[in-house]
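Colleague:
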């Protein structure tokens, strides 16, 4: 049966008057990725700039590296970086030329190309750690962190659920000696966890192993903290599992009465 124009118009109006049902969207914050493209202390696309942007964003973010040129890229700080206050992953392995460790025990064959150094802080009488983590759930990987002096550590954690993997902390870029600053000495602390819990330093895969050595006072310091896991790390010797002199230089190889513990 054919409908008249008036009937069809009434039929369409009736159908369109039914309200559509729309489910409410789940409240969520998408993560951002910030790319470091230079080794400057500050300014656009620097590591400092990336941390500041991530701190200002509400969700979990990622900081990656793509600095032009081959070889080592050293980020010399003249003032401490801002503390990390929002969950973030800082991944030095995103920089071309890096290589994750593949050795399950003994020394490491890691190749890192991003160095964070505090050598410029000491002459200004500035004390500060390399990275200060105040946000839960952060990940730090693929960085060389050294020469932060005073009341300082390579990585200072005041949070839960931090993951620290595949870094050199306290050693030079080759992992063979502990660099120092004239009149100020070597970095006092490697990893310092203060008041946090359930943090992971290292891991069960070869690529997770950190080199944490050459720090003058302690390679690891734990204060008012519980339930942290240290596994697979090379703590104390150099990258080749050789002893280090008190001056931070590699010592001549000699037989040991017992091997280092890889924790």
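Numbering (our numbering), first residue to last: 23 to 285.
Beta carbons are placed, not taken as given, at the ideal position from N, Cα and C, and that holds for glycine.
Treat the numbers as computed from the prediction; the structure is a model and nothing was measured.
State the start and end residues of the unbroken beta strand (DSSP E) segment that holds residue 241.
Modeller: Counting along the chain, the beta strand (DSSP E) containing residue 241 begins and ends at 240-245.
Colleague: For residue 171, count neighbouring Cβ atoms within 10 angstroms of its own Cβ and tell me buried if that reaches 16, exposed if not.
Modeller: That one is buried.
Colleague: For the candidate residues 100, 57 and 93, whose alpha-carbon lies nearest to that of residue 64?
Modeller: Checking every option, the nearest Cα to that of residue 64 belongs to 100.
Colleague: Mark residue 66 as exposed unless 16 or more other C-beta atoms lie within 10 angstroms of its C-beta, in which case mark it buried.
Modeller: The residue in question, residue 66, is exposed, as its Cβ has fewer than 16 Cβ neighbours within 10 Å.
Colleague: Is residue 44 helix, strand or coil when you go by DSSP?
Modeller: Residue confidence is low: residue 44 scores 43 on pLDDT, short of 50, so the model does not pin down where it sits. Its coordinate-derived value is still stated next. Three-state DSSP puts residue 44 in coil, outside helix and strand.
Colleague: Does the contact criterion of 3 or more C-beta pairs under 8 angstroms hold for the segment 155-167 versus the segment 181-188?
Modeller: Yes, the segment 155-167 is in contact with the segment 181-188.
Colleague: Give me the Cα-Cα distance between residue 60 and residue 166, rounded to the nearest whole angstrom.
Modeller: Between residue 60 and residue 166, the C-alpha separation is close to 16 angstroms.
Colleague: For residue 83, collect the residues of the same chain with a Cβ closer than 6 angstroms to its Cβ; drop the 5 residues on either side in sequence, then sort them by chain order.
Modeller: So the list reads 53, 54, 76 and 110, once near-sequence residues are dropped.
Colleague: Out of 224, 168, 247 and 211, state which residue places its alpha-carbon closest to the alpha-carbon of residue 199.
Modeller: Looking at the Cα atoms, 168 is the closest of the given residues.
Colleague: Exposed or buried, which one is residue 224 when buried takes at least 16 other CB atoms within 10 Å?
Modeller: Buried: at least 16 other Cβ atoms inside 10 Å.
Colleague: Which ranges does the beta strand (DSSP E) cover as unbroken runs of at least 3 residues, wholly within the segment 167-243, from first to last along the chain?
Modeller: Taking only runs of at least 3 residues, the beta strand (DSSP E) segments lying wholly in the segment 167-243 are 175-179, 185-187, 211-216 and 222-224.
Colleague: Could you tell me the boundaries of the beta strand (DSSP E) in which residue 148 lies?
Modeller: No beta strand (DSSP E) contains residue 148, which DSSP labels as neither H nor E.
Colleague: With residue 219 and residue 248 assumed to form a contact (beta carbons below 8 angstroms), what rounded beta-carbon distance in angstroms separates them?
Modeller: The pair is a contact, with the Cβ atoms about 5 angstroms apart (cut-off 8 angstroms).
Colleague: Rounded to the nearest angstrom, what separates residue 116 and residue 88 at their Cα positions?
Modeller: Computed Cα separation, rounded: 7 angstroms.
Colleague: Would DSSP call residue 101 helix, strand or coil?
Modeller: Of the three classes helix, strand and coil, the one that applies to residue 101 here is coil, per DSSP.
Colleague: Going by alpha carbons, who is nearest to residue 308 out of 81, 68 and 90?
Modeller: No answer is possible for residue 308: the residues shown for the chain start at 23 and end at 285.
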